[in-house]
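Here is the structure we will look at.
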Amino acid sequence: MSGATTVALPPDIRTGSALTTHGLSFQHGREVTLTYPDLHLPAGAQLTITGPSGTGKTTLLHLLAGLLRPTTGEVRFGPTLVSAPQEGLREAFRRTQVGYVFQDFHLMPGLSALENVELGLRVAGTAQPHAKAKAALERLDLGKRLHHAPHQLSTGERQRVALARAVAHSPGLLLVDEPTAHLDRSRAGAALDLLCETADQLGATLIVVTHDPLVAGAFAQRIELGELGLGDKQ
Numbered sequence: 000m001s002g003a004t005t006v007a008l009p010p011d012i013r014t015g016s017a018l019t020t021h022g023l024s025f026q027h028g029r030e031v032t033l034t035y036p037d038l039h040l041p042a043g044a045q046l047t048i049t050g051p052s053g054t055g056k057t058t059l060l061h062l063l064a065g066l067l068r069p070t071t072g073e074v075r076f077g078p079t080l081v082s083a084p085q086e087g088l089r090e091a092f093r094r095t096q097v098g099y100v101f102q103d104f105h106l107m108p109g110l111s112a113l114e115n116v117e118l119g120l121r122v123a124g125t126a127q128p129h130a131k132a133k134a135a136l137e138r139l140d141l142g143k144r145l146h147h148a149p150h151q152l153s154t155g156e157r158q159r160v161a162l163a164r165a166v167a168h169s170p171g172l173l174l175v176d177e178p179t180a181h182l183d184r185s186r187a188g189a190a191l192d193l194l195c196e197t198a199d200q201l202g203a204t205l206i207v208v209t210h211d212p213l214v215a216g217a218f219a220q221r222i223e224l225g226e227l228g229l230g231d232k233q
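Spelled out as structure tokens, the structure:
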């Protein structure tokens with residue numbers, strides 16, 4: 000199936016890199032091919048991606064982050080060809096330009112909140128990782144929890160540590176998978192506000208995958224993969 004549909008958002012007053020995709024598809028095995036619309040998102044855009052299970056929402060995030068290469072088509076972030084065949088180029092892009100908040104947070108259990116964020120900065124090659132990790136956690140009201148391990152933190156606190164790790168290096172692209180999956184209603188709204196405010200502060204493009212109507216309804220721009228004929232099984 001063709002992914003010719005184009006989703007374009009209005010130009011944004013902030014400067015930065017636009018995210019564009021063209022002709023994007025990804026094949027799972029021999030029988031399932033996921034096709035996606037062309038995206039043209041200016042810097043600072045905020046977008047939710049919804050749709051039934053199996054339509055390739057998380058796969059799309061992985062393609063945008065350079066964690067996967069598309070079967071066809073390309074992904075560009077500013078001048079960078081994110082879908083380049085060279086893994087080294089994609090890895091450098093992820094380290095410097097992408098903040099990814101995974102659904103299950105992926106925190107290191109043997110490290111403190113501060114050490115988790117600092118480790119991410121060290122991997123990214125960021126200067127002054129300790130000071131920047133501390134500052135990122137303090138901005139998210141975790142200044143008194145710096146030395147607590149993940150098992151000593153609430154679900155909401157672990158999520159904030161994961162967000163701090165994702166944004167501490169000031170990425171231009173913030174990708175978030177199911178941000179309210181582990182939260183009750185009262186905490187879900189606070190988590191959503193935090194994501195949007197953090198992206199605004201960075202001037203980063205924010206793309207959120209969700210099944211949650213609360214999250215989908217909070218964004219002016221949304222694409223529904225099922226509505227666009229994506230995730231077709233061939």
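Under numbering that gives the first Met the number 0, think of the first position of the sequence shown as 0, with each following residue one higher. No residue lacks a Cβ here, since even glycine has one placed at the ideal position from N, Cα and C.
Beta carbon of residue i nearer than 8 Å to that of residue j
{"i": "A112", "j": "L152", "result": "yes"}
{"i": "L40", "j": "L62", "result": "no"}
{"i": "A163", "j": "Q45", "result": "no"}
{"i": "G72", "j": "H21", "result": "yes"}
{"i": "G24", "j": "T70", "result": "Note on identity: in this sequence residue 24 is Ser, with Gly being the wrong assignment. Yes, the pair counts as a contact, with Cβ atoms nearer than the cut-off."}
{"i": "A258", "j": "V116", "result": "The question about residue 258 has no answer, for the chain in this structure spans 0 to 233."}
{"i": "L182", "j": "T154", "result": "yes"}
{"i": "L120", "j": "A161", "result": "no"}
{"i": "L38", "j": "T58", "result": "no"}
{"i": "A148", "j": "P108", "result": "yes"}
{"i": "L139", "j": "L193", "result": "yes"}
Nearest-angstrom Cβ-Cβ length linking residue i and residue j, presumed shorter than 8 Å
{"i": "E177", "j": "G50", "result": "12 Å between Cβ atoms; not a contact."}
{"i": "G188", "j": "L205", "result": "About 16 Å separates the two Cβ atoms, so there is no contact after all."}
{"i": "S16", "j": "G55", "result": "The Cβ separation is near 24 Å, so there is no contact."}
Distance, residue j Cα to residue i Cα
{"i": "L60", "j": "V74", "result": "11 Å"}
{"i": "Y35", "j": "Y99", "result": "20 Å"}
{"i": "E86", "j": "R68", "result": "9 Å"}
{"i": "G225", "j": "H210", "result": "12 Å"}
{"i": "Q102", "j": "T125", "result": "25 Å"}
{"i": "L118", "j": "G171", "result": "20 Å"}
{"i": "Q26", "j": "G65", "result": "16 Å"}
{"i": "K133", "j": "G142", "result": "7 Å"}
{"i": "V97", "j": "L88", "result": "13 Å"}
{"i": "F218", "j": "E196", "result": "13 Å"}
{"i": "E30", "j": "S82", "result": "23 Å"}
Residue from the options whose Cα sits closest to the Cα of residue i
{"i": "Q220", "options": "I48, E30 and T95", "result": "I48"}
{"i": "P128", "options": "T54, T58, S169 and H105", "result": "S169"}
{"i": "A91", "options": "F101, T79 and Q102", "result": "T79"}
{"i": "A203", "options": "E114, T57, G43 and R159", "result": "G43"}
{"i": "V175", "options": "R157, V208 and L110", "result": "V208"}
{"i": "Q158", "options": "G55, S16 and T179", "result": "T179"}
Distance cut-off 7 Å: residue i Cβ against heavy atoms of the ligand ZN
{"i": "L162", "result": "Summarising the ligand content, the structure contains no ligands, and the ligand ZN is consequently not present."}
- What are the start and end residues of each continuous alpha helix (DSSP H) run of 4 or more residues lying completely inside the segment 60-138, in chain order? 86-96, 112-122 and 128-138
- Message: To test your reading of the DSSP string, which unbroken beta strand (DSSP E) runs of 3 or more residues are found completely within the segment 154-223?
- Response: 172-176, 204-208 and 221-223
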